[in-house]
Every structure is written in C-alpha cells, then in structure tokens.
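S.K.:
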Amino acid sequence: MAARGGFFLSLLNYKTEKYVIAENRKIGILFRLYQLAVLGYIIGWVFVAKKGYQEKEEAIQTSVFTKLKGVALTNDSNKGLHLWGAEDYVIPPNGEQVFFVVTNYIETPNQRLGFCPEVNGRCTSDDDCEEGETVIAGNGIKTGVCINSTGTCEVHAWCPVEYSPRPQEPLLSAAENFTVYIKNFIRFPNFNFFRSNVLETAEANYLKNCTYDSETHPYCPIFHLGNLVSWTGSDFQEMAVKGGSVGILIEWKCDLDKDYSLCNPQYSFTRLDININNSVTSGYNFRYAKHFKDPKGESFRTLYKVYGIRFDIMVNGQGAFACDMILLYMMNTSSFYRERKFEIINFK
Amino acid sequence: MAARGGFFLSLLNYKTEKYVIAENRKIGILFRLYQLAVLGYIIGWVFVAKKGYQEKEEAIQTSVFTKLKGVALTNDSNKGLHLWGAEDYVIPPNGEQVFFVVTNYIETPNQRLGFCPEVNGRCTSDDDCEEGETVIAGNGIKTGVCINSTGTCEVHAWCPVEYSPRPQEPLLSAAENFTVYIKNFIRFPNFNFFRSNVLETAEANYLKNCTYDSETHPYCPIFHLGNLVSWTGSDFQEMAVKGGSVGILIEWKCDLDKDYSLCNPQYSFTRLDININNSVTSGYNFRYAKHFKDPKGESFRTLYKVYGIRFDIMVNGQGAFACDMILLYMMNTSSFYRERKFEIINFK
Amino acid sequence: MAARGGFFLSLLNYKTEKYVIAENRKIGILFRLYQLAVLGYIIGWVFVAKKGYQEKEEAIQTSVFTKLKGVALTNDSNKGLHLWGAEDYVIPPNGEQVFFVVTNYIETPNQRLGFCPEVNGRCTSDDDCEEGETVIAGNGIKTGVCINSTGTCEVHAWCPVEYSPRPQEPLLSAAENFTVYIKNFIRFPNFNFFRSNVLETAEANYLKNCTYDSETHPYCPIFHLGNLVSWTGSDFQEMAVKGGSVGILIEWKCDLDKDYSLCNPQYSFTRLDININNSVTSGYNFRYAKHFKDPKGESFRTLYKVYGIRFDIMVNGQGAFACDMILLYMMNTSSFYRERKFEIINFK
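Given below as structure tokens:
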C-alpha cells in the first residue's frame, strides 16, 4: 500500500475509474449506436437548438397596433347629449399596445383659475386652513380662509372644483359593443422568419365581418370588448362603473423547422387587477383637461375624470428549453449486466 | 456471491465505482492542476458568471429618450398652408421609446354635433336605417331616416362627417429629412455598470452635425428618418402614403470583464409590418381631434386622420449563456492511459 | 489481451465502470436514502420547478398603474400665476408605467402662423437665408430674407418663435412634495397566483396617510417624488432644472410553494441617465402645444417647452434558476471509505 507513504504524495496520485470491457459484437454495436446518438444529440443541441434558444430569449421582435371601432351617445342629465368616437374614448389615440377605453366619466366644464371652496376636508375656523399649504388630495392651495357656508377651506384653484361622487352607472355602457382590431407582427430576426396574427389567406371581407371566438373564429383578429371582459370571468357593465385592467396574452409557439402555416397565435385573457380583498385597489381612473380661451383671451378648461378599462397586450414567443434534456442524459444508469460488473466485498 | 442472499438485503448494498490509483508525480501534478481548473471554473461559474447571467436575464435596466427635429410646410389645396413642427408630427410628443411620425393626414375642420348624412353604407328607404343603431365602421348613430340626395342614412354625429378617400401622395413628404436623436442608457445594476449610446468622448459639436452611418459614423446617435426606412429595404415616400412600422434594434454585447470602451451599441433596422400578402394589413393610421369653443361657448372640433410611421426602439442586453459550458465539462472522457485502466473480460 | 485483436473489433467492445459493492446495512440504508433524495430532487425539478421556471421566463403577467397627487402654484414673471394639477404636470395623464412629471417650463403664448425672425443662426445678407430651406434645429422655413435688426433669417413659422434661454431655477420646485401611488399587479398564470403590491391587510386609512420608507413602511405603495430622487443619490431641485430620468425597480422573489404572505415586493431606485461626462446628454425636455381658435376662427397656440423627470417602473419576477443545482449534484464525489474502494497500482 504505497499510498500510505505520505499524505502529500498521495495527493499527487491520479485516480481513475476502473472499467470492464465486454467483447461482444451485438452489445458493442448497440453501445456505439448509443454513443453516436448521444453525440448527435449534443451537436444538435449545441449548434442548432441553443441558437434557437438565444433567438427566442434575446431577439424576438414584436409590434402591436390596435384600432377601436364603435360610437356611443351619452346622455348626461346636466350636460346633455355627447357623442363618443374612438378619437375620444381611446386614450392614447395612437393605436398603442396598452390602451384605455373610457366607460364612465365626470365632466366639470368651464373651470377658471380663481378662489372657491374646496370640497374635501372640513374646517371650523381659519386656523384649520393654513395659507399656502398644499392639499395633497385636494384641488388647490389654501388661502387661509374657512368658508362658513360650505365648512371647507377656500382654495386658489381651477374653479368650481370637481365634485366627484362615487359613480353608480356607466355612462358609456355601449362600450361593451365596441370592437378592437389587434394587429401583431412577430419576427425571429436570425431566421428572418415573419409572421402576423392576421390570416394571410383571409379575404378583406372576412376581416370586415368576423369576430374572434376561440371555437369558431380562432384566427380572427377582431375582438368584442364585452367578450374580452367576460372571458376573464368578469362582468363588463360592473367593471365599467369604476374601471379595471384586462390582459390579452398572445402566445406564439412556433417550431421554426416545421411548416410556416402551423405557426399561429394562441390568445388568452385575464383580469390583471384582481386582489383577494379588492376594496382598496379596485378601479381605474385618471383626469385630463381640454383647454380653451374665451374671446378676451382668458383661459378656461373642461376637466374630465374618466373611468375605464385598460387593456394590456402581452406577446410571448416560444419557450421550450433544452436544459432538462441534459438531465435525462445524466440519468442513464447503465444497469445492464449487473453481476459481471460488480465485485462483491464484505465490508466489515 | 453474498449478493444472492436476498433481494432486500442486496438493495442495502452500497455500490461505488472501483478506481485505479496511479503513483506518478508528473501525471499526479497534471491531474491536480486539472482538478483545480475544474474547481476554479465551477466556483467562477456559480459565484461570478451565474450572477452575471441573472443580471442580464432579470435586471438589465434601460431607458430610451427620443427627440425629433425638422419642420415641414404642407400645402393642402383646401386648407392652405400649415407648418408642422416636432410638437405636431410626433405622437406622443414626450420622447417615448415607441413614437409615431405623421407623414400624411386628412383634416376635417369645424365639426359640430348634429345631424348629417353618413358617407358609408347605402340606403334606399328608411327601413335600411334603423333608429338608434350604432354603425360600427361609421361615424354616428342612425336617426331612422334615409336621405335621398346622398343615398345614405342620416346620423347623429360630429358633422360634417369625415370623407376619407384612399391617400395617394404623402403631404409631409419632407418628413424624410427629419432626424431623430436617440439617447439610450443601460445599466447592469449588480455590477453598477453604466453605459450610454452617446459617445462620451464626443464633442458637443460632433453631435450637432453627425448622422448615423454604419460605416462612417457607427456611434453617432442621430438618425435620418429616410435612412432608417431605406435600411429596412423599403422606400420612405411609398411608406409615407399609408404608413408603416419600423423597428430599431439596439444590441449591447458587453463583456463586463473587459474594457469599458469596448462596450458599444450595435444598431439594426427592420420593417415590422411585413406580410407575404400585405393587401389587408398594410398601413398605419389613427384619428385624433382638437377641441375648440366658439364665443357662445359651443363646442366644435377639427378631426385629423393621420397616417405615418411608427418607430419601435428595442434594446437587448448581452445574451451569452453558461449552460453549454457544463456540457463541455461533461464531455470530458478521460481517455488517457487506456490500457492500464481496463480489465478485458470475455463476455460470453 | 484480446483487445489487441484489431482496432475495429475493439471499437465494438462495451466499456463500463467496475463497481465495488459494500455489504453493510447502515451504509446501504444511507445510500438508498441518498438515492431517493436525488430521485425526488430530479422529479421535483423536472416536473415542478421546471414548470415554474418556464412560468417565470415566458409568462409572468404584470400591470402597473400610477396616480400622482399634489398641486403647485407657479409665478412666472411674464405670465402671472398658474396652477398645476396632476392633469397638467403628468404626461401622459393616463396612469402609465412610464410617466413624466413637469418640473420646469418655458411658455410661448399666442403664436400664430406667419413670418418673423429666427432666433438661431446668424446671417449677414440674404444669401445666408436660402429660400425654402428647412432649418433642422430651427423653428421654421427660411423665406430668403435676412433681417438686419436681429441679424437672423426671416422664417415662415409659428410667430413669435420660442426664445429659450438655459433654465436656471425650476418653476415647479414644489414638485418635490408630489406623491405617486404605484399599483402593481402580478400573476403567474400557470399557477393562477395573483399578487399586488398594495397590502391586502392594509386599511383604507393606512393608504391615505402612509409614505414608502424602506425601514418603516416597506410595503406602502405611495412614494414621495423628492425621496425617489434622493434615493438615487441625486438632488431633486438640481435635477428639476433641466430634467432627468429615474428608474423604479420592483422585484418579486416569490417561492410559490411557500406562504402567500411571504411574497412581497422589493423596491430599488436608480438614476437612468448617468454618464461619466454628462455635459452633452443631461436633461430631459420636449415641447407640446395647446391649440385655440379666436372668434374669427383663426388658429393660434401656446407652445410649452417642458423640462422634467421621467420615471420608468420596471417589474421583475423571481429569478432563481435550477441549473446550478445540477452542478451541485455533479460535484458529489463519493469520497467515503476511500481505501477500500481503490486499488493502488505502481504506475511506472
């Protein structure tokens, strides 16, 4: 046992497994075939699949363009009739991947810069209204005066300030019938592979009349807003009151080796603003203003608080990953011909 | 053969490979050096490269800011001269990563809410114009009357409704000469590594005059819109008529171990709305309105249908991946000193 | 040594490791337990964790909605008092993931289309002002006339053209006290696992009063803009003069097997427009216009050049990756009972 000659020396010993060589042609041929298969797999993986993997992970190119159609006539008891076209109810109007559709609103017309009572916050004396203080959740800057008639502080603001009760009914309930045309182009640049979710065999007339349905029209790119919401398990009219957020997921699982026409989009729909206790976070609203000048050149504005549904379109490319195949290769246990291979030693 | 003493007992046997130990210093030193290399590689991979991998995959931070320059004077036969600055032709104007440049438009001025004939859809009698029906592809809500002089339904709409013939010539053909300054900042947060596509050695004057060219000015961040389109293989004036979509890909392949100055962006350009049969999906347009009030406080608006080119800037970080290196390690076959290691057994 | 019988024949030999079997129950049980652990790990990884990995890599769904609060009163020496609400200083106003807050501005009111002197570029004679030429960095189209009094070319433009000196003080310095409420919803669709950064146990009152602080209020989703900037190491008032870009990173490292309440967001903050030599690329500004019509129906506009801070909210999902675990498995060296396992051979 020369290895006992010193720990340091033994460190320099070269340890290798001891092998058994079986001289049998059938087994040998099988063994070499197996090796060739493994080799082929590795080359295939490293040079072909891995390249595909990088493609997908770092350079999938996608472009989404949306266009809404539909008109709604609203009849506000105070402001009369108003006609909403896509140029009004889609924000922003420029066909983006994430867009917002107005379903309800509070309009405060003819606001002018001046002094008026706040609607939020109570005061009993001028001491409650420190001059120059910014009311974070309010509409203006306090002037230091408490107005008795309203019981609120006077503010320097766009007057009259917005009074926004909790909305009960969606004014644009007709938004349920609007449609959105989603154009999605994808490209795998290293393969110079293009694809669009608009069927290339589709006739112009098909696209003018079809509406997406997972069963009957799975490749029609035109979606009914009411359906989009109902497919997430929510009710459109209910969501329309205070707003919400819906995700439209487009998945492209394309095997680039296979036929071009097999690469088709899969749509799925989900509500994005779900919470277990949604009392606090529910709803989606924001404000914007339209500015005007009167004949004297004085500014005034109409303030809109709009409630509505935000649609996020998310596009995913193919996601198969080859790492698990390495594992399968590692799990090979070569359990043939067990007995011949083992020396049995009585350990203790 | 004690292993035959029972299947259950044999399950409790501990099986290990049988090793050969070679007492030879040269080989031993080589072997230990090899082990150290493997160990160093593993430590390097697990603690350094893997961290880098996570960085890249989940936490590359990037920020893109765009600014367009150029002015165009349009001479519309109906509406006279109009001057377009970046504040008008870039939508949205706030320097986003995805922006739209107007190249053509149809203006419908002085629309007021009222009743007028539709331009789409034919009718022969009032029965064709069901009251209250929403015309999805139309401009308003039917009143139930068919107007004989036009042969179309009367609608409640912003009147007169837009009449939009297929555009033939781009009104803003001068947009070809606009330039876009693209500022792209990237950051690998775990390494606290910053980088911008604006050359740090560049003098202020260089940036005032240069224009990107892959050969002569590969690091100039100012792009000529005409060039951007032509590098995708398309013609700007042709695309300008009905609009289109162009992708600008910025790739950062930075080896963070190497010199800071070697980490530079690579630009590539691609048309994103290509289809084999592009008759249906071609073009990019949307509508927006400017709202006004007359001296009496009545609302009116100017509706714009704008055609143009959308530019999507896509930023990719470095994508090398370490998994294949494990594979190489696994492929090591230790084929040295073959004869000594093997026992040859006549298998049957 | 039958292997010498021919290279070709030897290729068909089947080579396997030679094993030692130790008949010892304690070791055997340990060994089988170890094997079960490895097997369980592999099954767990392939069927459970890998699924989780794909989830994270290709289908994490996220939705961000922002809402700013705060009012600022600006006192411009020329244009008098102006009140800025969120509907004015947030661009775009619709609660997007990337938003811009105005901190400074230059207003050019009452511009009308016409002819006036340029402010940029010098001329000494009409020859310096070639008619019809587009001044790329200018405001209009040259008419061919050099105006002596100003020493600049006459242009066809929105007049008077903007005169924009380098800003010195931020007009909206009060923007430091604005707050932003960030709602972030995430979803792992294959697990149907939802989560929001808004604490579900939080009372409505908590959200009305809290402000995020990494120590005292790590799960409050309301951020003070001044803090956001100071946490990146920058000074708000300094950045407010010419603008800048700030990244807000939200990281979700959720172990989906563990308790739902352990899956919480981690926030981090970074300045995105940092450069070593920032003389050229610093600042963030753009222009937009508000359009008006006078009683005669003639158009005029107010041009705003706004400086401000862009906030990019970036959401990352969990990033643990199982590949390194394979490595650990491979590193197992079975170094027990060394002596019994080795045959010592004197190699030369």
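So the sequence lines, in the order shown, correspond to chains P, H and U. Each residue of the first sequence is one higher than the last, beginning at 73 in the numbering used here. Each residue of the second sequence is one higher than the last, beginning at 73 in the numbering used here. Each residue of the third sequence is one higher than the last, beginning at 73 in the numbering used here. C-beta: ideal position from N, C-alpha, C; glycine also.
Compute the Euclidean distance between the alpha carbons of P:TYR339 and P:VAL301, then round it to the nearest angstrom.
M.R.: Answer to the nearest angstrom: the Cα atoms are 13 Å apart.
S.K.: Run the CB neighbour count on H:TYR376, radius 10 Å, all protein chains shown included, and call it buried at 16 or more, exposed below.
M.R.: Flag for H:TYR376 reads buried.
S.K.: For H:GLY157, collect the residues of the same chain with a Cβ closer than 7 Å to its Cβ; drop the 5 residues on either side in sequence, then sort them by chain order.
M.R.: If we look at H:GLY157 and ignore the five residues flanking it on each side, its Cβ neighbours are VAL143.
S.K.: Step through the CB atoms of chain U and report whether any lies within less than 9 Å of the CB of H:THR134.
M.R.: Yes, H:THR134 lies at the interface with chain U (some Cβ there is under 9 Å from its Cβ).
S.K.: Along the region 290 to 311 of chain U, what residues have a CB closer than 8 Å to any CB found in chain H?
M.R.: So nothing in the stretch comes that close.
S.K.: Buried or exposed: H:ASP384, going by 16 or more other Cβ atoms within 10 Å of its Cβ?
M.R.: Answer is buried; the Cβ neighbour count reaches 16.
S.K.: Which one or two residues does DSSP pair with U:ASP285 in a beta bridge?
M.R.: Answer by DSSP bridge pairing, in chain order: U:HIS289.
S.K.: Check the Cβ of H:PRO367 against every Cβ in chain U and list those closer than 8 Å, keeping chain order.
M.R.: Within chain U, the residues near H:PRO367 are PRO367.
S.K.: Taking 8 Å as the limit between beta carbons, can you name the residues of its chain near H:GLY305, skipping five residues before and five after?
M.R.: Excluding positions up to five away in sequence, the list reads ARG343.
S.K.: Going by DSSP, what residue range makes up the beta strand (DSSP E) through P:VAL136?
M.R.: Note, P:VAL136: beta strand (DSSP E), 133 to 141.
S.K.: Measure the C-alpha to C-alpha separation of U:ARG184 and U:ARG373 and round it to an integer number of angstroms.
M.R.: About 7 Å.
S.K.: Can you tell which of U:VAL174, U:TYR106, U:SER268 has its C-alpha closest to the C-alpha of U:SER135?
M.R.: The candidate whose alpha carbon is nearest that of U:SER135 is U:SER268.
S.K.: Does the region 224 to 236 of chain H come close enough to the region 180 to 200 of chain H that 3 or more CB-CB pairs lie under 8 Å?
M.R.: Cβ pair count under 8 Å is three or more, so yes.
S.K.: In terms of alpha-carbon separation, which member of U:PRO242, U:TYR284, U:GLU202, U:SER221 lies closest to U:ILE213?
M.R.: Per the Cα distances, U:GLU202.
S.K.: With a cut-off of 9 Å, does the C-beta of U:ILE254 fall near any C-beta of chain H?
M.R.: Chain H, which has no Cβ nearer than 9 Å to the Cβ of U:ILE254, makes this no.
S.K.: Could you tell me whether the Cβ of H:ARG259 comes closer than 9 Å to any Cβ of chain U?
M.R.: Yes, H:ARG259 counts as interfacial toward chain U.
S.K.: How about U:GLY389: is its C-beta nearer than 9 Å to some C-beta of chain P?
M.R.: Not closer than 9 Å to any Cβ of chain P, the Cβ of U:GLY389 fails to qualify, so no.
S.K.: Is there a Cβ from chain H that is less than 9 Å from the Cβ of P:GLU179?
M.R.: False, the Cβ-Cβ gap to chain H never drops below 9 Å.
S.K.: Which chain U residues are close to P:SER286, counting only those with a beta carbon under 9 Å from its beta carbon?
M.R.: Chain U residues near P:SER286: none, gap ~16 Å exceeds 9 Å.
S.K.: Mind checking who H:PRO189 pairs with in its DSSP beta bridge?
M.R.: In the DSSP output, where bridge partners are listed per residue, H:PRO189 has H:GLU226.
S.K.: Counting pairs of beta carbons, one from the region 238 to 250 of chain P and one from the region 167 to 180 of chain P, are three or more of them closer than 8 Å?
M.R.: Yes, the region 238 to 250 of chain P touches the region 167 to 180 of chain P.
S.K.: Note the first and the last residue of the continuous beta strand (DSSP E) segment covering P:PHE364.
M.R.: Run containing P:PHE364: 357 to 365, per the beta strand (DSSP E) assignment.
S.K.: Hey, could you find the ends of the alpha helix (DSSP H) P:PHE302 is sitting in?
M.R.: In the sequence under discussion, the amino acid at residue 302 of chain P is Ser, which differs from the Phe named in the question. P:SER302 -> alpha helix (DSSP H) spans 297 to 302.
S.K.: For P:CYS195, collect the residues of the same chain with a Cβ closer than 7 Å to its Cβ; drop the 5 residues on either side in sequence, then sort them by chain order.
M.R.: Hits under 7 Å: CYS201, CYS218, GLY223, THR224, CYS225.
S.K.: Between U:ARG382, U:PHE260, U:SER197, which lies nearest to U:SER221 when the distance is taken from Cα to Cα?
M.R.: The candidate whose alpha carbon is nearest that of U:SER221 is U:SER197.
S.K.: I want to verify the contact list: residues of chain P whose CB lies under 7 Å from the CB of H:ILE163, in sequence order.
M.R.: Residues of chain P passing the Cβ test: ASN166.
S.K.: Can you tell me the Cβ-Cβ gap for H:PHE266 and U:ILE320, rounded? I've got them flagged as a contact below 8 Å.
M.R.: Not confirmed; about 17 Å, so no contact.
S.K.: For P:LEU108, go through chain H and note every residue whose CB falls closer than 8 Å to its CB, in chain order.
M.R.: Correct list: empty, because the minimum Cβ distance to chain H is about 14 Å.
S.K.: Using the DSSP secondary-structure output, state which residues sit across from P:ALA144 in a beta bridge.
M.R.: P:ALA144 pairs with P:TRP156.
S.K.: Nearest CA to the CA of H:ILE254: which residue from H:GLU287, H:LEU244, H:CYS292, H:ASN281?
M.R.: With distances taken between Cα atoms, H:ILE254 lies closest to H:CYS292.
S.K.: Could you round the C-beta distance between U:GLY355 and U:GLY315 to whole angstroms and report it? I think they count as a contact, below 8 Å.
M.R.: The pair is a contact, with the Cβ atoms about 5 Å apart (cut-off 8 Å).
S.K.: Taking only three categories from DSSP, how would you classify U:GLN183?
M.R.: In the structure shown, U:GLN183 sits in a strand (DSSP, three-state: E or B).
S.K.: Within the same chain, show all residues whose beta-carbon is closer than 7 Å to that of H:ASP366, passing over the 5 residues directly before and after it, in chain order.
M.R.: Cβ neighbours of H:ASP366 beyond the five flanking positions: PHE372.
S.K.: Between which two residues does the beta strand (DSSP E) carrying H:VAL252 extend?
M.R.: Start and end: 251 to 260.
S.K.: Taking C-alpha atoms, which residue in P:LEU102, P:LEU105, P:GLY152, P:GLU159 lies nearest to H:HIS363?
M.R.: Closest option to H:HIS363, Cα to Cα, is P:GLU159.
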